[in-house]
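To keep things clear, I will list the structure first and then write my remarks on it.
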Amino acid sequence: MPTVIRKTTETDIRVSLVMGTGTARVDTTVPFLDHMLTALARYSGLDLEVDARGDLRHHLIEDVAICVGAAVRALLPETAARYGDRTVPMDDALAHCALDLGGRVFYEGPLPSGIYDHWMRSFAENARATVHLRVLR
(Lines of atoms letter the chains of each structure in order from A and count residues from 1; the text may use other names and numbers.)
(Lines give C-alpha, C1' and ligand atoms only; values in the text may rest on other atoms or scores of the structure.)
Protein backbone atom coordinates (compact mmCIF):
# COMPACT_ATOMS: atom_id res chain seq x y z
CA MET A 1 0.00 0.00 0.00
CA PRO A 2 1.66 3.24 -1.09
CA THR A 3 1.73 5.83 1.65
CA VAL A 4 2.98 9.28 0.76
CA ILE A 5 3.89 11.72 3.52
CA ARG A 6 4.63 15.36 2.82
CA LYS A 7 5.61 17.62 5.68
CA THR A 8 6.68 21.17 4.91
CA THR A 9 6.56 24.45 6.81
CA GLU A 10 3.17 24.99 5.12
CA THR A 11 1.51 21.54 5.16
CA ASP A 12 1.41 18.17 6.89
CA ILE A 13 -0.15 15.48 4.66
CA ARG A 14 -0.46 11.71 4.69
CA VAL A 15 -2.06 9.82 1.77
CA SER A 16 -2.52 6.04 1.59
CA LEU A 17 -3.91 4.30 -1.48
CA VAL A 18 -4.65 0.65 -2.23
CA MET A 19 -6.67 -1.37 -4.74
CA GLY A 20 -9.86 -2.13 -2.88
CA THR A 21 -13.57 -1.47 -2.82
CA GLY A 22 -13.78 2.30 -3.10
CA THR A 23 -13.80 3.25 0.55
CA ALA A 24 -12.49 6.62 1.65
CA ARG A 25 -11.47 8.30 4.87
CA VAL A 26 -10.66 11.86 3.92
CA ASP A 27 -10.05 14.88 6.15
CA THR A 28 -8.45 17.88 4.48
CA THR A 29 -10.47 20.64 6.23
CA VAL A 30 -11.68 21.69 2.74
CA PRO A 31 -15.22 20.26 2.31
CA PHE A 32 -15.29 20.35 -1.51
CA LEU A 33 -11.87 18.68 -1.77
CA ASP A 34 -13.01 16.03 0.73
CA HIS A 35 -16.10 15.42 -1.43
CA MET A 36 -14.12 15.11 -4.67
CA LEU A 37 -11.51 12.77 -3.16
CA THR A 38 -14.27 10.60 -1.68
CA ALA A 39 -15.92 10.44 -5.13
CA LEU A 40 -12.56 9.56 -6.72
CA ALA A 41 -12.17 6.63 -4.33
CA ARG A 42 -15.76 5.44 -4.72
CA TYR A 43 -15.82 5.46 -8.52
CA SER A 44 -12.26 4.20 -9.06
CA GLY A 45 -12.55 1.27 -6.66
CA LEU A 46 -9.47 2.47 -4.80
CA ASP A 47 -9.34 2.70 -1.02
CA LEU A 48 -8.06 6.15 -0.13
CA GLU A 49 -7.03 7.69 3.19
CA VAL A 50 -6.08 11.35 3.36
CA ASP A 51 -5.19 13.36 6.45
CA ALA A 52 -4.10 16.89 5.64
CA ARG A 53 -3.51 20.16 7.43
CA GLY A 54 -2.08 23.36 6.05
CA ASP A 55 -1.59 27.04 6.66
CA LEU A 56 -3.42 28.26 3.54
CA ARG A 57 -6.13 26.62 1.46
CA HIS A 58 -4.01 26.99 -1.69
CA HIS A 59 -0.99 25.25 -0.15
CA LEU A 60 -3.15 22.46 1.24
CA ILE A 61 -4.96 21.75 -2.04
CA GLU A 62 -1.75 21.77 -4.08
CA ASP A 63 0.14 19.52 -1.68
CA VAL A 64 -2.74 17.03 -1.46
CA ALA A 65 -2.61 16.80 -5.27
CA ILE A 66 1.14 16.16 -5.13
CA CYS A 67 0.63 13.33 -2.63
CA VAL A 68 -2.36 11.73 -4.38
CA GLY A 69 -0.51 11.83 -7.72
CA ALA A 70 2.59 10.25 -6.19
CA ALA A 71 0.46 7.55 -4.52
CA VAL A 72 -1.26 6.71 -7.82
CA ARG A 73 2.12 6.45 -9.54
CA ALA A 74 3.46 4.17 -6.79
CA LEU A 75 0.35 1.97 -6.80
CA LEU A 76 0.23 1.21 -10.50
CA PRO A 77 2.52 -1.47 -11.89
CA GLU A 78 4.58 -0.70 -14.97
CA THR A 79 2.29 -3.08 -16.86
CA ALA A 80 -0.90 -1.17 -15.98
CA ALA A 81 -3.27 -0.38 -18.82
CA ARG A 82 -1.95 2.86 -20.22
CA TYR A 83 -4.98 4.68 -21.64
CA GLY A 84 -8.48 5.37 -20.46
CA ASP A 85 -11.25 7.86 -20.92
CA ARG A 86 -14.64 8.54 -19.46
CA THR A 87 -17.52 10.98 -19.88
CA VAL A 88 -19.51 11.42 -16.69
CA PRO A 89 -22.84 13.17 -16.14
CA MET A 90 -23.41 14.21 -12.53
CA ASP A 91 -26.37 16.38 -11.63
CA ASP A 92 -26.10 19.50 -13.82
CA ALA A 93 -22.46 18.87 -14.82
CA LEU A 94 -20.99 16.89 -17.70
CA ALA A 95 -17.24 16.23 -17.81
CA HIS A 96 -14.89 14.25 -20.03
CA CYS A 97 -11.43 12.99 -19.03
CA ALA A 98 -8.84 11.22 -21.18
CA LEU A 99 -5.88 9.78 -19.29
CA ASP A 100 -2.52 8.34 -20.34
CA LEU A 101 -0.37 6.75 -17.63
CA GLY A 102 2.62 6.36 -19.94
CA GLY A 103 4.99 8.53 -17.92
CA ARG A 104 4.71 11.72 -19.96
CA VAL A 105 3.44 14.69 -18.00
CA PHE A 106 0.86 17.00 -19.55
CA TYR A 107 -2.34 18.61 -18.35
CA GLU A 108 -4.93 20.28 -20.51
CA GLY A 109 -7.94 21.92 -18.88
CA PRO A 110 -9.05 24.36 -17.88
CA LEU A 111 -11.47 23.75 -15.05
CA PRO A 112 -13.89 26.49 -14.00
CA SER A 113 -12.01 26.96 -10.70
CA GLY A 114 -8.37 28.04 -10.88
CA ILE A 115 -7.36 26.25 -7.69
CA TYR A 116 -8.73 22.91 -8.90
CA ASP A 117 -7.20 23.47 -12.32
CA HIS A 118 -3.90 23.78 -10.43
CA TRP A 119 -4.82 20.61 -8.47
CA MET A 120 -5.12 18.65 -11.73
CA ARG A 121 -1.80 19.99 -13.02
CA SER A 122 -0.02 19.03 -9.77
CA PHE A 123 -1.71 15.61 -9.81
CA ALA A 124 -0.62 14.98 -13.43
CA GLU A 125 2.97 15.99 -12.68
CA ASN A 126 3.25 13.65 -9.72
CA ALA A 127 1.31 10.73 -11.24
CA ARG A 128 3.51 11.16 -14.35
CA ALA A 129 0.32 11.25 -16.40
CA THR A 130 -1.17 13.02 -19.36
CA VAL A 131 -4.60 14.34 -18.45
CA HIS A 132 -7.07 16.03 -20.80
CA LEU A 133 -10.08 17.27 -18.87
CA ARG A 134 -13.08 19.16 -20.17
CA VAL A 135 -16.13 20.37 -18.34
CA LEU A 136 -18.71 20.21 -21.11
CA ARG A 137 -21.61 21.59 -19.12
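This note's numbering numbers the first residue of the sequence shown as 359 and each following residue consecutively.
C-beta: ideal position from N, C-alpha, C; glycine also.
None of these values were measured; they are calculated from a predicted model.
Just how far apart, CA to CA, sit residue i and residue j?
i: Gly461; j: Ala487; result: 6 Å
i: Asp421; j: Arg495; result: 28 Å
i: Asn484; j: Val426; result: 8 Å
i: Asp392; j: Thr386; result: 6 Å
i: Gly442; j: Leu457; result: 5 Å
i: Met448; j: Asp475; result: 19 Å
i: Met359; j: Leu469; result: 30 Å
i: Thr366; j: Ala399; result: 26 Å
i: Gly351; j: Arg372; result: With the chain running from 359 to 495 in the structure shown, residue 351 is simply not present.
i: Glu428; j: Asp370; result: The displayed chain sequence assigns Ala, not Glu, to residue 428. Taking the straight line from one Cα to the other gives about 15 Å.
i: Gly364; j: Val493; result: For clarity, residue 364 is Arg in the given sequence; the question names Gly instead. Going by the C-alpha atoms only, they are around 30 Å apart.
i: Ile473; j: Glu436; result: 30 Å
i: Cys455; j: Leu491; result: 4 Å
i: Asp450; j: Leu433; result: 32 Å
What residue range is occupied by the uninterrupted alpha helix (DSSP H) comprising residue i?
i: Met478; result: 472–485
i: Ala399; result: 389–402
DSSP three-state label for residue i, please.
i: Gly460; result: coil
i: Gly427; result: helix
i: Glu407; result: strand
i: Asp449; result: coil
i: Leu469; result: coil
i: Leu433; result: helix
i: Leu414; result: coil
Can you give the beta carbon distance from residue i to residue j, rounded, assuming they're within the 8 Å contact cut?
i: Ile419; j: Val388; result: 6 Å
i: Val408; j: Val384; result: 5 Å
i: Leu414; j: Glu466; result: Actually they are not in contact, since the Cβ atoms of Leu414 and Glu466 sit about 27 Å apart, beyond 8 Å.
i: Ala423; j: Ser471; result: So it is not a contact: roughly 13 Å between Cβ atoms.
Any heavy atom of the ligand COA closer than 7 Å to the beta-carbon of residue i?
i: Asp370; result: No copy of the ligand COA appears in this structure; indeed no ligand is present at all.
Can you give me the start and stop residues for the beta strand (DSSP E) that residue i sits inside?
i: Met359; result: Careful: Met359 lies outside any beta strand (DSSP E) and carries neither H nor E.
i: Thr519; result: Outside the shown range of the chain, which is 359 to 495, sits residue 519, and nothing can be said about it.
Exercise. Should the stretch 395–405 be regarded as contacting the stretch 366–380, the criterion being three or more beta carbon pairs within less than 8 Å?
Worked result: yes
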